[in-house]
Amino acid sequence: MKPAPHPNPQAQPLNAAKAMSASAQHQGPVRAAIEAVDMRLAECAGTALPGWRLGWAQVIGRHHPRFSEDSLAHHSALQPGGVVGSPLGLFLAVADGVGGGARGEVASAALTAHSVALPHALLGKPEGIAQWMQLAEGQVQLKLREVSHSPGAATLAAAWLQPAGPSLQRSNGQWQKPCGEGAQGHIMRVGDARLYRFDGQSLEALTTDQTYQAVGDPPAEGASPDDPARMVGTGHTGTPELQPLHLPWGHTLLLCSDGLHRGLSTGRMAELMREGGELSACALRLALAARLGGSDDDITVLLAQPSLTDDNDNAAPPAPMPSPSPWRSLFKRVFS
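Start counting the sequence shown at 41; every next residue gets the next number (the working numbering).
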């Protein structure tokens, strides 16, 4: 299991302009905009698992001086009857600690940990997944009571996936994919965390936000109609809404906190994803662009793609944080 990120009191501001050479390409308004924004990364990495590629990035919100209150997690599971090295089931989660609540980082970490701890026997069974996720409310409250007497909560985007179609077979050391298959499973959101599916050209929103306006509830005191009405930890989860998902070969699943979509339109996200590259670089590109697009919140992006390119029989170690040189190329791609 990939644990949720822990608070990092040593996180230091990274001024984007200092990571770039003073080239003429970045003079004028674009360079001035970059100089005005401090980028602090909570995490940026990627990994390869049998049957999957993953990449993720987090940027700390401007109002959180030390660490992000978002969390992410992933967990892989060998399928019943599977052999070591065969494509795995995959559990993914992104959670966002709700502003104004106590210890958002604790609430979000507890929620992602519970989401990816789904018993393997429940994979592919929406009723079982829904029952498991109904237990998340108590888990979040329990963890919060360990550190605070005040209430807190988190929103969620989660997915539970497995290889689709007939069993996959090796040929000449490579996994052979059945035509038209990929991965299948179920997704769920609570609040305004989102899931998208990217087909290589366009980005499709798979969920709608559970705002006060959308669910027809009157806003809580101090809240607006566009604020999330559903969250986990304060008794406002509602009935878990599971949706079936098919993720064909070459398609990418995107999970994100609201910090991403508050700074980028769906069209702009698709444009940035079409630039390709490693999933970790793509996630970072999206997160940085959202910050530069005006999002002050914590920003978390998690990407997953079915893959049969058998680079490793075992999970690859997380990719290191980008060095200054990749920063320059990433900003060139964002503003080219």
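In this text, a Cβ means the ideal position worked out from N, Cα and C, and glycines have one as well.
Source: prediction; values computed, not measured.
Check: How long is the line joining the alpha carbons of His189 and Gln179, rounded to whole angstroms?
Finding: When rounded, the separation of the alpha-carbon atoms in His189 and Gln179 is 15 Å.
TODO: From the DSSP output, in three-state form, read off Val341 for me.
DONE: Strand at Val341.
Ends of the beta strand (DSSP E) at Pro280?
No beta strand (DSSP E) holds Pro280; DSSP gives it neither H nor E.
So, with DSSP's three-state summary, where would you put Ala180? Strictly speaking, residue 180 in this sequence is Val, with Ala absent from that position. Looking at Val180 - three-state DSSP - the assignment turns out to be helix.
Residue from Met309, Gly231, Gly299 with nearest C-alpha to Gly278 = It is Gly231 whose Cα lies nearest to the Cα of Gly278.
- Task: Starting from Pro166, trace the alpha helix (DSSP H) both ways and give me its first and last residue.
- Result: Residue range 166-174 is occupied by the alpha helix (DSSP H) that includes Pro166.
As assigned by DSSP and simplified to three states, the class of Val124:
Three-state DSSP puts Val124 in coil, outside helix and strand.
*Buried versus exposed call for Val187 [16 or more other C-beta atoms within 10 Å across all chains shown]*: With fewer than 16 other CB atoms across the displayed protein chains lying within 10 angstroms of its CB, Val187 is exposed.
Would a check of beta-carbon distances place Ala142 closer than 7 Å to chain C?
Within the model displayed, chain C is absent; a lone protein chain is all it includes.
Assuming Asp267 contacts Tyr252 (C-beta within less than 8 Å), just tell me the rounded distance between them.
So it is a contact: roughly 6 Å between Cβ atoms.
By DSSP's criteria, Trp96 is part of a beta bridge. Which residues make up the other side?
The secondary-structure analysis by DSSP pairs Trp96 across a beta bridge with Ala85, Leu342.
| said: For the pair the segment 139-151 and the segment 97-114, tell me if three or more CB-CB distances fall below 8 Å. | reply: Touching, yes.
* **Where Glu311 falls: helix, strand or coil (DSSP)** => In this structure, Glu311 counts as helix in the three-state DSSP scheme.
* **Where Asp298 falls, given that 16 or more other Cβ within 10 Å makes a residue buried** => The residue is buried, with at least 16 neighbouring Cβ atoms inside 10 Å.
Short Cβ contact (7 Å threshold) for Thr292 with Leu343:
Yes, the Cβ-Cβ distance between Thr292 and Leu343 is below 7 Å.
Glu281 and Met228 look like a contact to me (Cβ under 8 Å); what is the Cβ gap, rounded to whole Å?
With a contact defined as Cβ atoms closer than 8 Å, Glu281 and Met228 qualify at about 6 Å.
Could you check how far apart the C-beta atoms of Ala303 and Ser335 are, in whole angstroms? I think they sit under 8 Å.
In the sequence as presented, Ala is not what sits at residue 303; that position holds Gly. Indeed they touch by this definition, with Cβ atoms about 3 Å apart.
Exercise for the section: Identify, in the order they occur along the chain, each residue of the same chain with its Cβ nearer than 7 Å to the Cβ of Asp257, setting aside the five sequence neighbours on each side. Expected result: So the list reads Ala269, once near-sequence residues are dropped.
Delimiting residues of the alpha helix (DSSP H) encompassing Gly299 | Bounds of the alpha helix (DSSP H) holding Gly299 are 298-301.
inquiry  = Run through the DSSP bridge pairs and tell me what Gln224 is partnered with.
reply    = DSSP, once it has assigned bridges, lists Gln202, His286 as partnering Gln224.
message: Here's the rule I'm using: 16 or more other beta-carbon atoms within 10 Å means buried, otherwise exposed. How should Arg325 be labelled?
response: Around the CB of Arg325, 16 or more other CB atoms lie within 10 Å, so the residue is classed as buried.
Mind checking Ala223: buried by the 16 CB within 10 Å criterion, or exposed?
Looking at its Cβ environment, which holds 16 or more other Cβ atoms inside 10 Å, Ala223 is buried.
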